[in-house]
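The number in our numbering is simply the position in the sequence shown, starting from 1, with 40 added. For every residue, glycine included, the Cβ atom is placed at its ideal position computed from N, Cα and C. Notes follow once the structure below has been shown.
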Amino acid sequence: MRVGILTGGGDCPGINAAIRAVAKNLIINYKAEIIGIEDGFAGLIEERVRPLSYSQCSGILSTGGTILGTSNSASPLNYKGQDLSVQVFAYYQKLGLDALVVIGGDGTMSIANELSKIGMNIVGVPKTIDNDLAGTDQTFGFDTAVSIVTDALDRLRTTGQSHKRVMILETMGRYAGWIALQSGMAGGADVILVPEIPYDIDEVAKICNLRASEKQFSIIVVAEGAMQKSGEAVVRETIMSSPDTVRLGGVGNMLKLQLEQKIDSEIRSTALGHIQRGGSPTAFDRIFASNVGCAAASLVAEKRFGRVVVMRNNQTTDIPLDQAANKARSIPLDNMTLRNALSLGISFGDPDIVLPSQSF
Ligand code: F6P
């Protein structure tokens, strides 16, 4: 059996743990030959691959990034204006691959879904720090990102407290607020602003003023996709070569400028940016990535293609690729952590989002 592995889209902690699990499982149990595709779909388009031996997949469990490299701007469906899916399929056949394991987020799964429809034997493994992939309870990379943001919040708290300031921390997460919600809860934020709940700037100012009179400092966590009521998410840049052209960012600074008009406290804003995606995965993400990697290896061995491994109730299972493709998973308003945060007095910047009537 000859199996290719490809990592697409933005990197995240835990990808190497997943590569290791897929490769080692297939080598040990099925004597498979593993082919690493370099830099995501770019490697299939530009014919850049290399064999991955057992020893090359050893010692990478705890490392960040991806040993194969990745790209979030090379889609065979639209590469410099051309559809190269037939060319990519021909290259896959020339390599003699029996299957291709694709590790990626929703954009990568969408490409994988189209390639699967034209006959490539694909198994998907979801990853993203954003935790926004449809069909799975969680993705690996997310736990590490939340830990990094929580650590930053602990540090911002001591300096904010000393200077009696309002400290704003902007997180990643695209159009979902999972990183902001979980780290805000873990870091004891006073205000958490997420895309799912557009905020009212007067409400945020009210909380800061209240805190200034009681505790003298405030911690605000704002997701990069957060927006004002009747406003829009703040765009950092547009990258035309990328399948997803929009890059969000800058809402933390915008919020600072807005609040400066309304409160007397000094305000500082920090954006953690790509720090949230770098470095070693947490123990949770290493185990998570190993579990989904092994489940992907089993799907390959059972020849169950066109499917994505997902995690439901702490168990791996799988769904058709098209159920994970091009779909995002937002925070539902009845989310347990969101409702408990409300019950602990954390504001989401909207006076109409009220305390839960039931407890969890
Ligand atoms: O999807 C992961 C993510 O880190 C998002 O949270 C963020 O909006 C985006 O990728 C940043 O993309 P890039 O690495 O292209 O700047």
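Contacts around residue i, its chain only, beta-carbon distance under 6 Å, and the 5 residues preceding and following it disregarded
i	result
residue 164	142, 149, 152, 348, 361
residue 384	none
residue 70	41, 341
residue 398	Confidence is the limiting factor: at residue 398 the pLDDT is only 48, short of 50, which leaves the residue's position unreliable, though a coordinate-based value still follows. Closer than 6 Å at the Cβ level, and outside the excluded window around residue 398, lies no residue.
residue 61	330, 333, 334
residue 124	85, 116
residue 92	63, 74, 76
8 Å CB neighbourhood of residue i in its chain, flanking five on each side removed
i	result
residue 270	238
residue 159	129
Nonlocal neighbours in the same chain, by C-beta distance under 7 Å from residue i, ignoring five residues either side
i	result
residue 318	104
residue 400	In this predicted model, residue 400 has a pLDDT of only 43, less than 50, meaning its place in the structure is not dependable enough to derive any value.
residue 366	146, 150
residue 248	206, 258, 299, 303, 305
Nearest to residue i (by Cα), restricted to the options the options
i	options	result
residue 194	291, 209, 339	209
residue 46	147, 64, 75, 95	75
residue 364	124, 133, 118, 145	145
residue 368	393, 179, 257, 291	179
residue 109	196, 175, 49	49
residue 19	296, 321, 306, 394	Outside the displayed range of the chain (41 to 400) lies residue 19, so it cannot be described from this structure.
residue 240	266, 93, 323, 86	266
residue 182	309, 219, 133, 196	219
residue 88	134, 350, 249, 59	134
residue 386	166, 260, 73	260
residue 235	215, 251, 201	215
residue 113	391, 285, 136	285
residue 246	277, 201, 197, 301	301
Inter-residue CB distance, residue i and residue j (contact presumed, cutoff 8 Å)
i	j	result
residue 97	residue 63	4 Å
residue 262	residue 233	4 Å
Worksheet entry | the region 325–336 in contact with the region 217–226 per 3-pair CB rule at 8 Å | Flag = no, the region 325–336 and the region 217–226 do not touch.
Practice prompt. Indicate whether the contact test is met: 3 or more Cβ pairs, each with one atom in the region 175–195 and one in the region 45–55, closer than 8 Å.
Written response: The region 175–195 and the region 45–55 touch, with no fewer than 3 CB-CB distances between them shorter than 8 Å.
Worksheet item: Pairing CB atoms from the region 75–87 with CB atoms from the region 171–178, are three or more of them under 8 Å?
Response: no
Worksheet item: Are there three or more Cβ pairs, one per stretch, closer than 8 Å when the region 81–91 is compared with the region 349–357?
Response: no
Practice prompt. For the region 290–305 and the region 204–221, state whether three or more C-beta atom pairs, one from each stretch, are separated by less than 8 Å.
Written response: yes
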